[in-house]
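Step one of this worksheet: look at the structure below.
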Amino acid sequence: MRMRIGIPKGLLFPDFGGLFESFFLELGQDIAVSPDTNRRILDLGVGCCVDEACLPVKVFHGHVCWLRDNGDCDMIVIPRFMHLRENESICPKFCGLPEMVKYSVPGLPPIIGVPIDWSSAQGLRAWARAVASYLGCAKSDAYSALHAAVSKHNEVAQGYTVLSEPNRQSSRRDGLDGQSRATELAAPSRLSELTGSRKLENLTVSSNREFRIALLGHPYNVQDAFLNMNVAQKLARLGAAIVTDASVSETDVNREVASLFKKPFWTLARYSYGAAKHLYRTDAVDGIVYVSSFACGIDSVVVELIRDATDGLPLLVLKVDEHTGEAGIDTRLEAFTDLLRRRKTFGSNIPAYGKYISRGESAI
Amino acid sequence: MFVQKGYSLGIDVGSVSTNLVLVDDSGNLHYKLYLRTGGRPIEALIEGLGQLSENLLPGDRITAVGTTGSGRRLAGAMVNADVVKNEITAHAAAASAVAPDVKTIIEIGGQDSKIIFLQEGVPCDFAMNTVCAAGTGSFIDRQAARLGIPIAEFGSYALRSDSPVRIAGRCAVFAESDMIHKQQTGHSVEDIIAGLCEALVRNYLNNLAKGKRILEPVLFQGGVAANVGIAAAFERLLGVSLIIPKYFDVMGAYGAALLAHEAVVANGGTSKFAGLDCIKQDFSARSIDCNGCANMCEVVCIYSGNKKLASWGDRCGKHGKQ
Numbered sequence: 001m002r003m004r005i006g007i008p009k010g011l012l013f014p015d016f017g018g019l020f021e022s023f024f025l026e027l028g029q030d031i032a033v034s035p036d037t038n039r040r041i042l043d044l045g046v047g048c049c050v051d052e053a054c055l056p057v058k059v060f061h062g063h064v065c066w067l068r069d070n071g072d073c074d075m076i077v078i079p080r081f082m083h084l085r086e087n088e089s090i091c092p093k094f095c096g097l098p099e100m101v102k103y104s105v106p107g108l109p110p111i112i113g114v115p116i117d118w119s120s121a122q123g124l125r126a127w128a129r130a131v132a133s134y135l136g137c138a139k140s141d142a143y144s145a146l147h148a149a150v151s152k153h154n155e156v157a158q159g160y161t162v163l164s165e166p167n168r169q170s171s172r173r174d175g176l177d178g179q180s181r182a183t184e185l186a187a188p189s190r191l192s193e194l195t196g197s198r199k200l201e202n203l204t205v206s207s208n209r210e211f212r213i214a215l216l217g218h219p220y221n222v223q224d225a226f227l228n229m230n231v232a233q234k235l236a237r238l239g240a241a242i243v244t245d246a247s248v249s250e251t252d253v254n255r256e257v258a259s260l261f262k263k264p265f266w267t268l269a270r271y272s273y274g275a276a277k278h279l280y281r282t283d284a285v286d287g288i289v290y291v292s293s294f295a296c297g298i299d300s301v302v303v304e305l306i307r308d309a310t311d312g313l314p315l316l317v318l319k320v321d322e323h324t325g326e327a328g329i330d331t332r333l334e335a336f337t338d339l340l341r342r343r344k345t346f347g348s349n350i351p352a353y354g355k356y357i358s359r360g361e362s363a364i
Numbered sequence: 001m002f003v004q005k006g007y008s009l010g011i012d013v014g015s016v017s018t019n020l021v022l023v024d025d026s027g028n029l030h031y032k033l034y035l036r037t038g039g040r041p042i043e044a045l046i047e048g049l050g051q052l053s054e055n056l057l058p059g060d061r062i063t064a065v066g067t068t069g070s071g072r073r074l075a076g077a078m079v080n081a082d083v084v085k086n087e088i089t090a091h092a093a094a095a096s097a098v099a100p101d102v103k104t105i106i107e108i109g110g111q112d113s114k115i116i117f118l119q120e121g122v123p124c125d126f127a128m129n130t131v132c133a134a135g136t137g138s139f140i141d142r143q144a145a146r147l148g149i150p151i152a153e154f155g156s157y158a159l160r161s162d163s164p165v166r167i168a169g170r171c172a173v174f175a176e177s178d179m180i181h182k183q184q185t186g187h188s189v190e191d192i193i194a195g196l197c198e199a200l201v202r203n204y205l206n207n208l209a210k211g212k213r214i215l216e217p218v219l220f221q222g223g224v225a226a227n228v229g230i231a232a233a234f235e236r237l238l239g240v241s242l243i244i245p246k247y248f249d250v251m252g253a254y255g256a257a258l259l260a261h262e263a264v265v266a267n268g269g270t271s272k273f274a275g276l277d278c279i280k281q282d283f284s285a286r287s288i289d290c291n292g293c294a295n296m297c298e299v300v301c302i303y304s305g306n307k308k309l310a311s312w313g314d315r316c317g318k319h320g321k322q
């Protein structure tokens with residue numbers, strides 16, 4: 001029986017949504033994807049989600065509500081991501097997401113909440129098998145659908161790629177060699193290609209930019225232009241070229257995190273930290289803007305680690321929450337770019353306190 | 001005999017106060033005006049410009065205009081400003097004009113508080129309070145009103161205290177209930193107010209200055225710098241002495257004037273200023289809920305009579321096009 005599967009465009013969708021889409025299509029099902037986050041979706045999510053959750057989780061709830069109301073779905077996928085890399089974790093909210101949504105959003109069709117272990121091809125096959133049996137499809141169909149979806153995903157993915165060989169290593173950013181690509185400002189965002197969602201790289205191609213800013217944070221905060229109040233575009237308008245963590249290769253990230261006092265636990269934080277440190281050490285950016293959702297426990301640690309590792313590099317932490325007034329964000333971004341501009345005018349590479357730089361007359 | 005004098009006009013439309021200053025080409029402040037915004041920025045600015053024009057001599061000219069503060073775009077549209085600048089850049093410019101070797105600026109205004117670090121006169125880092133307003137002027141305003149003490153005397157109460165009580169400063173709501181507990185158990189108003197000043201300073205330092213080195217000279221500016229209790233608490237907790245500039249309450253406007261002067265000179269010397277007669281226009285702000293897409297942006301349009309001067313608030317930018 002052909003069913004219509006709803007896929008919410010929230011949280012890690014930019015990374016994996018494309019794979020889900022092709023998987024279900026290959027399996028002979030129909031799909032419905034919610035639109036890019038907008039005000040209505042945010043309101044729907046805030047209205048039903050538990051109050052303590054972070055903004056991206058609320059937004060995800062909103063996408064599910066939208067699919068319930070408009071998607072005409074027989075089932076909705078709420079991905080239960082367990083691991084993205086071996087022996088690492090992501091925020092525990094991902095493991096409990098299906099339950100969280102189920103008990104907060106009334107009137108839902110059946111949910112596909114099968115656990116996904118992205119860290120091995122084996123884990124992915126187990127997911128496909130379980131989904132197929134839930135849908136009443138044959139195991140062999142599931143495998144071939146998965147195979148096709150994964151090949152397609154890897155063709156276009158800038159993000160998490162899946163190795164068809166079960167060599168236990170999920171390598172991200174396929175096709176990048178060990179060299180830093182941060183100096184190429186047209187760094188493609190690792191997420192957008194799959195989905196045709198907003199493309200950050202369009203903002204970064206102009207060669208004639210005054211300064212380069214690393215835009216870091218959990219991908220769902222960085223990539224969702226509604227949730228982060230369009231920070232990428234705002235920065236571009238203020239004269240910045242934008243680099244995301246996708247421009248730093250896996251090898252470089254590995255090298256940077258190796259010097260941490262213990263092995264990093266959180267996969268997404270690992271990339272933010274590794275990218276920040278690498279971009280700082282290779283002098284590839286003039287500043288960092290970190291988008292953090294209010295009350296994110298992981299961010300509270302990562303921001304401090306980044307601050308420590310990038311001594312003297314201007315760092316702006318933007319907290320996003322439900323408020324829709326953009327004035328606060330505008331003020332901070334404007335002040336931050338002013339600061340970078342002044343630093344450039346009065347001498348680049350100012351170390352932390354201690355050394356003097358040459359200076360014109362008065363600073364004003 | 002009148003000598004023709006050119007002044008840069010700085011306008012800071014904040015949540016609590018609207019400030020105007022006139023600054024000459026050498027950076028000297030000639031006139032300052034501090035008005036309460038009272039929730040009506042358009043009226044406050046018109047009132048301010050009216051008072052300002054009465055104080056101008058016949059030969060005086062305004063050669064540059066800059067606006068800052070949370071109402072900077074509104075004010076910028078009304079007077080057609082040369083420069084519309086954020087508060088951080090404006091405060092930093094003002095502070096380094098007053099004290100060229102300043103290293104740290106503590107600025108506490110009505111609804112936001114900030115800390116700015118400078119190296120050799122160049123801002124190198126800043127932090128601003130997040131969504132919460134617990135460490136800002138409006139919180140003190142509210143507590144003063146609750147205790148029935150005029151805001152101008154609030155700080156001096158704190159100075160009369162021998163043993164400040166411990167007040168939770170993390171959240172304005174908790175602080176208020178904490179204060180009520182303390183007051184009901186018999187602590188003196190002076191001790192409670194001193195405790196509140198310390199709580200506010202602690203909150204400020206925890207939120208904004210965490211892990212940062214506060215190097216001297218430290219300037220304390222913004223409306224809250226008038227509060228001697230807060231200043232004393234800062235000095236006690238930081239172990240440094242604060243410099244409170246003479247015009248601490250209008251530093252944002254002063255910085256906007258300096259930046260406007262700089263910009264006009266850089267652009268060849270002609271200001272875009274609409275003239276002081278602009279206050280005779282019938283300004284109005286109208287907000288519309290745009291229904292063009294699901295974002296439903298709240299768009300604000302500023303009109304003079306029926307003519308739209310500016311608009312903002314839309315994500316796509318289509319309303320901004322004239």
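Protein chains in written order, with my numbering: chain S, 1 to 364; chain A, 1 to 322.
Don't be surprised by glycine CBs; every beta carbon is placed ideally from N, CA and C.
Check your understanding: Can a CB atom of chain S be found closer than 8 Å to the CB of N227 of chain A?
Key -> For this step, residue 227 of chain A is matched to residue 227 along the second sequence. Output row for N227 of chain A: interface = no.
Point to revise | CA-to-CA distance, D330 of chain S to A236 of chain S, given in whole angstroms | key: For the purposes of this step, residue 236 of chain S is taken as the residue at position 236 of the first sequence. For the purposes of this step, residue 330 of chain S is taken as the residue at position 330 of the first sequence. Approximately 13 Å, taken between the alpha carbons.
Point to revise | the stretch 13-25 of chain A in contact with the stretch 36-51 of chain A per 3-pair CB rule at 8 Å | key: They touch, by the three-pair rule.
Check your understanding: Can a CB atom of chain A be found closer than 8 Å to the CB of N230 of chain S?
Key -> Counting from 1 along the first sequence, the entry for residue 230 of chain S is found at position 230. A Cβ of chain A is located within less than 8 Å of the beta carbon of N230 of chain S.
Review point. Just the Cα atoms here: how many angstroms apart are I78 of chain S and A275 of chain S?
Key: Taking the first residue of the first sequence as 1, we reach residue 78 of chain S at position 78. Taking the first residue of the first sequence as 1, we reach residue 275 of chain S at position 275. Approximately 29 Å between the Cα atoms of the pair.
**Study point:** Residue interval of the beta strand (DSSP E) (run including T104 of chain A)
**Key:** Taking the second sequence and counting its residues from 1, the one referred to as residue 104 of chain A is at position 104. Run containing T104 of chain A: T104 to I108, per the beta strand (DSSP E) assignment.
**Study point:** Beta-carbon gap between V83 of chain A and G59 of chain A smaller than 8 Å
**Key:** Residue 83 of chain A sits at position 83 when you count from the first residue of the second sequence. Residue 59 of chain A sits at position 59 when you count from the first residue of the second sequence. In this structure, the beta-carbon distance from V83 of chain A to G59 of chain A does not fall below 8 Å.
Review point. In chain A, which residues lie with their C-beta within 9 Å of the C-beta of D338 of chain S?
Key: For the purposes of this step, residue 338 of chain S is taken as the residue at position 338 of the first sequence. Neighbours of D338 of chain S on chain A, chain order: K85, N86, I88, T89, A92 and P123.
Point to revise | Simplified DSSP assignment, three categories, for C65 of chain S | key: Locating residue 65 of chain S in the first sequence gives position 65, counting from the first residue. Per DSSP, reduced to three states, the secondary structure at C65 of chain S is helical.
Check your understanding: Cβ of F126 of chain A less than 8 Å from any chain S Cβ?
Key -> One-based indexing of the second sequence puts residue 126 of chain A at position 126. Judged by the 8 Å Cβ criterion, F126 of chain A is in contact with chain S.
Check your understanding: What is the DSSP secondary structure of M78 of chain A, reduced to helix, strand or coil?
Key -> The residue you call residue 78 of chain A lines up with position 78 of the second sequence. In the structure shown, M78 of chain A sits in a helix (DSSP, three-state: H, G or I).
Point to revise | Cβ shell of K139 of chain S (< 7 Å), same chain only, five flanking positions each side left out | key: Mapped onto the first sequence, residue 139 of chain S falls at position 139. Excluding positions up to five away in sequence, the list reads R129 and A132.
Review point. Mind pulling the beta strand (DSSP E) runs of 3 or more residues that sit fully within the stretch 86-128 of chain S?
Key: Counting only runs of 3+ residues, the beta strand (DSSP E) found wholly inside the stretch 86-128 of chain S occupies 115-117, in chain order.
Exercise for review: Could you tell me the distance, in whole angstroms, from the CA atom of E43 of chain A to the CA atom of A77 of chain A?
Suggested key: As a working mapping, residue 43 of chain A is identified with position 43 in the second sequence. As a working mapping, residue 77 of chain A is identified with position 77 in the second sequence. Rounded to the nearest angstrom, the two C-alpha atoms are 14 Å apart.
Check your understanding: Does the beta carbon of N38 of chain S come closer than 8 Å to any beta carbon on chain A?
Key -> Your numbering for residue 38 of chain S matches position 38 in the first sequence. Output row for N38 of chain S: interface = yes.
Point to revise | Minimum Cβ-Cβ distance from A294 of chain A to chain S less than 8 Å | key: Reading the second sequence from its first residue, position 294 is the one you call residue 294 of chain A. Cβ-Cβ to chain S under 8 Å: yes for A294 of chain A.
Exercise for review: Assign K318 of chain A to one of three DSSP states: helix, strand, or coil.
Suggested key: As a working note, residue 318 of chain A is residue 318 in the second sequence. Coil at K318 of chain A, not helix or strand.
Check your understanding: For G155 of chain A versus S138 of chain A, is the C-beta distance shorter than 8 Å?
Key -> Residue numbering aside, residue 155 of chain A sits at position 155 when the second sequence is read from its first letter. Residue numbering aside, residue 138 of chain A sits at position 138 when the second sequence is read from its first letter. Using a Cβ distance threshold of 8 Å, G155 of chain A and S138 of chain A do not count as a contacting pair.
Review point. Three-state secondary structure (DSSP) at G6 of chain A?
Key: Working through the second sequence from its first residue, we reach residue 6 of chain A at position 6. Secondary structure at G6 of chain A: strand, using DSSP grouped into helix, strand and coil.
Review point. For R315 of chain A, which residues in chain S fall below 7 Å Cβ to Cβ?
Key: Residue 315 of chain A sits at position 315 when you count from the first residue of the second sequence. Within 7 Å Cβ-Cβ: N230.
**Study point:** Rounded separation between V301 of chain S and F126 of chain A - CA only
**Key:** Within the first sequence, the letter at position 301 stands for residue 301 of chain S. Within the second sequence, the letter at position 126 stands for residue 126 of chain A. A straight line joining the alpha-carbon of V301 of chain S with that of F126 of chain A spans about 20 Å.
Check your understanding: CA-CA distance, Y271 of chain S and V253 of chain S?
Key -> Working through the first sequence from its first residue, we reach residue 271 of chain S at position 271. Working through the first sequence from its first residue, we reach residue 253 of chain S at position 253. Answer to the nearest angstrom: the Cα atoms are 6 Å apart.
**Study point:** Paired residues, beta bridge with P123 of chain A - DSSP
**Key:** Stepping through the second sequence from its first residue, residue 123 of chain A is reached at position 123. In the DSSP assignment, P123 of chain A forms a beta bridge with A:L118.
Review point. Considering D60 of chain A, what are the terminal residues of the beta strand (DSSP E) in which it resides?
Key: The residue you call residue 60 of chain A lines up with position 60 of the second sequence. Run containing D60 of chain A: D60 to T68, per the beta strand (DSSP E) assignment.
Exercise for review: State the CB to CB distance for the pair D245 of chain S and L227 of chain S, rounded to an integer number of angstroms; the pair is presumed to be in contact (CB under 8 Å).
Suggested key: To locate residue 245 of chain S, count along the first sequence from 1; it is residue 245. To locate residue 227 of chain S, count along the first sequence from 1; it is residue 227. Not a contact, Cβ separation roughly 17 Å.
**Study point:** Neighbour flag for S177 of chain A against chain S, beta carbons, 8 Å
**Key:** Counting from 1 along the second sequence, the entry for residue 177 of chain A is found at position 177. It does not; no Cβ of chain S falls within 8 Å.
Review point. Whole-angstrom Cβ separation of L313 of chain S and G287 of chain S, contact assumed at under 8 Å?
Key: Against the first sequence, residue 313 of chain S aligns to sequence position 313. Against the first sequence, residue 287 of chain S aligns to sequence position 287. That pair is a contact at about 6 Å.
Point to revise | Exposed unless 16 or more other CB atoms sit within 10 angstroms - verdict on D25 of chain A | key: Taking the first residue of the second sequence as 1, we reach residue 25 of chain A at position 25. Flag for D25 of chain A reads exposed.
**Study point:** chain A residues whose Cβ lies nearer than 7 Å to that of A335 of chain S
**Key:** Within the first sequence, the letter at position 335 stands for residue 335 of chain S. Within 7 Å of the CB of A335 of chain S, the CB atoms of chain A belong to N86, I88, T89 and F126, in sequence order along the chain.
Exercise for review: Flag S311 of chain A as yes if its beta-carbon sits less than 8 Å from any beta-carbon of chain S, otherwise no.
Suggested key: If you number the second sequence from 1, residue 311 of chain A lands on position 311. Nearest CB-CB separation between S311 of chain A and chain S: not below the 8 Å threshold.
Check your understanding: What runs of the alpha helix (DSSP H), each 4 residues or longer, lie entirely inside the stretch 150-206 of chain A?
Key -> Within the stretch 150-206 of chain A, the complete alpha helix (DSSP H) runs of at least 4 residues are 151-159 and 172-184.
Check your understanding: Do we get a CB-CB distance below 8 Å when we pair R212 of chain S with the residues of chain A?
Key -> Taking the first residue of the first sequence as position 1, residue 212 of chain S is located at position 212. Taking Cβ atoms only, chain A never reaches closer than 8 Å to R212 of chain S, which makes this a no.
Review point. Helix, strand or coil for A236 of chain S per DSSP?
Key: What you label residue 236 of chain S is simply residue 236 of the first sequence in a count that begins at 1. Annotated three-state conformation of A236 of chain S is helix, per DSSP.
Point to revise | Identity of the residue in A:H261, A:S284, A:N86 and A:L215 nearest G252 of chain A by Cα | key: Taking the first residue of the second sequence as 1, we reach residue 252 of chain A at position 252. Looking at the Cα atoms, A:N86 is the closest of the given residues.
Review point. Straight-line CA distance for L12 of chain S to P123 of chain A?
Key: Translated into positions along the first sequence, residue 12 of chain S becomes position 12. Translated into positions along the second sequence, residue 123 of chain A becomes position 123. As the crow flies, the alpha-carbon of L12 of chain S is around 37 Å from that of P123 of chain A.
Point to revise | is_contact[S287 of chain A, chain S] using C-beta, thresh 8 Å | key: As a first step, residue 287 of chain A must be located in the second sequence, where it is residue number 287. Proximity of S287 of chain A to chain S, defined by a Cβ-Cβ separation below 8 Å, is not satisfied.
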